[in-house]
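Numbering (this note's numbering), first residue to last: 1 to 252.
Just so you know, even glycine gets a beta-carbon here, dropped at the ideal spot from N, CA and C.
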Amino acid sequence: MRNRLIVGNWKMHGSMATAVDLIMELEQGMESVPENIDVAVAPPFLHIGEVIRRSSNTRLLMAAQNVSAFEVGAVTGEVSSTMLADIGIRFVIVGHSERRSLFGESNETVAEKFARAYFSDLTPILCVGETQEQREAGFTEDVVLEQMYAIIDRIGIKPLLNAVVAYEPVWAIGTGASASPEQAQEVHALLRSKLASESEGQTVATRLIYGGSVKASNSAALFGQADIDGALVGGASLDAKEFLTICKHAGK
Ligand code: PGA
């Protein structure tokens, strides 16, 4: 059985003080989260070092919201995968729809970032998902598979088999309107079957998590689906109680 994984993406919110408060509250609440649930948070880069210093609960894993596609050198403003690994970060979100749309990240750039993370022994969390227009035009499957196959084309299937793939329909992110459990399950089942067919007999340990307006009120129903292995939580991860409730629902 794969441990379920809940990741809180804090995005570009808060201050040093609120980041520290949030990690302290999460730390106190972690004992109520079942042991077999993996929990990670992705604070803003500027806050992550302090969050790591303040957190003594080893069950709270650290994630980064982004990573450079470059390895090292004169690349002003970037943060490399080796720098992330060096300070104890375990996961890196790559290909989030906000980075694709606001910063023009292509499937090729995302694949490069995925590769960098993988070679630094970080676990990439690859985000895939269609826009409202693409869904209405019947292109959901094409879009998510193209996003996933860009990784396989760049680096092969093996790194994906131990990574995390987050299905995040763009129309559900930050809108309050989550995909229904059935809509999410349909895409997760598709991704799982493609991974299995590409796996060349290797174990598919990929965790498929759902993101897009996950909250305490809809998480239990989402986790009731066979192929949903957890959640990538944005807005609701800024509230410790709400986030911990989502984590607890994953244990049922
Ligand atoms: P949301 O964000 O939970 O606020 O919709 C999810 C995400 O962007 O990962």
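Through-space distance from residue j to residue i, alpha-carbon basis
i	j	result
Val165	Thr140	16 Å
Glu242	Trp171	22 Å
Gly14	Ala42	12 Å
Gly88	Asn57	13 Å
Leu222	Leu84	31 Å
Ile52	Ala179	33 Å
Gly212	Ser81	26 Å
Ile6	Val20	19 Å
Asp86	Ile23	20 Å
Ala196	Leu161	9 Å
Ala163	Asp227	15 Å
Pro159	Leu208	14 Å
Thr123	Glu133	31 Å
Ser193	Gln147	15 Å
Asn9	Ser55	17 Å
Ala240	Thr203	35 Å
Phe70	Asp142	28 Å
Gly176	Arg135	18 Å
Gly174	Gly234	7 Å
Met16	Glu50	8 Å
Leu61	Pro181	26 Å
Arg99	Gly77	15 Å
Val39	Arg90	11 Å
Asn66	Phe103	12 Å
Cys247	Leu26	11 Å
Thr18	Leu46	13 Å
Backbone secondary structure at residue i - three-state DSSP
i	result
Ile23	helix
Phe119	helix
Met12	coil
Arg54	helix
Arg154	helix
Asp38	strand
Phe91	strand
Gly201	coil
Arg209	For the record, residue 209 in the displayed sequence is Ile; it is not Arg. Three-state result, Ile209: strand.
Ile228	coil
Pro124	strand
Val170	helix
Arg59	coil
Ala179	coil
Val143	helix
Val187	helix
Arg2	coil
Sequence-distant residues of its chain with Cβ nearer than 6 Å to residue i (five each side left out)
i	result
Ala74	none
Met30	Asn57 and Arg59
Proximal residues to residue i (C-beta, below 8 Å), its chain only, five neighbours per side dropped
i	result
Val144	Val128, Gly129, Glu130, Tyr167, Val187, Leu190 and Leu191
Arg154	Glu108, Ala111, Glu112, Phe114 and Ala115
Ser101	Val170
Leu126	Val94, Gly95, Val110, Phe114, Gln147, Met148, Ile151, Leu160, Ala163, Val164, Val165 and Ala166
Met12	Pro44
His249	Ala216, Ser219, Ala220 and Phe223
Asp121	Ala85
Distance CB(residue i)-CB(residue j) smaller than 8 Å
i	j	result
Ser219	Ala231	yes
Val92	Ala63	yes
Ala236	Lys215	yes
Ile48	Arg4	no
Ile151	Ser199	no
Pro34	Gly224	no
Leu244	Ser32	yes
Ser97	Val79	no
Neighbourhood of residue i by C-beta distance below 7 Å, restricted to the same chain and skipping five residues each side
i	result
Tyr118	Pro124, Ile155 and Pro159
Arg2	Ala205, Arg207 and Asp229
Ser106	none
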